[in-house]
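Notes for the one structure printed next.
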């Protein structure tokens, strides 16, 4: 049973398109996150939700919009994709804030 | 502001050698949390350990050990008798409540290459 699963694993799309990445966790955790890992492996938080409520919204373009329909899901929608959006996006969850986060396998987004 | 420094970008060792990864952090908070994660070539992020700021006890788990020293703001990680399967990127991370809004801030990672 996969604890944190995100789909798709690979996503290749053209500039200007809109795409979504889905994330689900079956750990019963209250907190979920989206992280972006760039080509140099640097990991940076984008968003954090606690019990469906947005609590961290880093400085990301407003083309990125997270949606949490329930505690177990946190999807990421990206409008008007740009070349610079190419990266690996990780979803994660933790029991509560400040506890260890468990990560999905990542979605490698390539914008061409 | 949070800051996690992992100075060594790439470390190569011959199998069975020990390797120590340095992690230095900055925080104004008195309560904070430190983590280590492993990212093997397959790409997933694997949680290794969490340490609370009020618990300076060192930890050993198999060939892995961690040395937490608040006096030097360091949380170093040692792999003893390294194996090829230890080849990965290792990330140190910090989370603080008051000044960091509970963000998990990662260092830039240490690429460990174990040569057979």
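Chains as they are written, first to last, in the numbering used here: chain W, 331 to 442; chain S, 549 to 664.
Positions of the beta carbon are idealized from the N, C-alpha and C atoms, including for glycine.
Here the C-alpha atom of residue 384 (chain W) lies approximately 6 Å from the C-alpha atom of residue 378 (chain W). A Cβ of chain W is located within less than 8 Å of the beta carbon of residue 581 (chain S). For residue 639 (chain S), at least one C-beta of chain W is nearer than 8 Å to its own C-beta.
In the DSSP assignment, residue 652 (chain S) falls within the beta strand (DSSP E) that extends over 652-654. In this structure, W:417 is the residue among W:402, W:346, W:345 and W:417 with its C-alpha nearest to the C-alpha of residue 370 (chain W).
Taken in chain order, the whole beta strand (DSSP E) runs of length 3 or more contained in the stretch 336-421 of chain W are 340-343, 349-355, 361-367, 373-380, 383-387, 394-400 and 403-408.
The DSSP-derived three-state label of residue 551 (chain S) is strand. Residue 351 (chain W) and residue 437 (chain W) have their alpha carbons spaced roughly 8 Å apart. Judged by DSSP in its simplified three-state form, residue 632 (chain S) adopts helix.
Selection S:637, S:627 and S:645 evaluated against residue 558 (chain S) yields S:637 as nearest (Cα-Cα). Along the stretch 586-612 of chain S, the positions whose C-beta sits under 7 Å from a C-beta of chain W are 591, 592, 593, 595 and 598, read in chain order.
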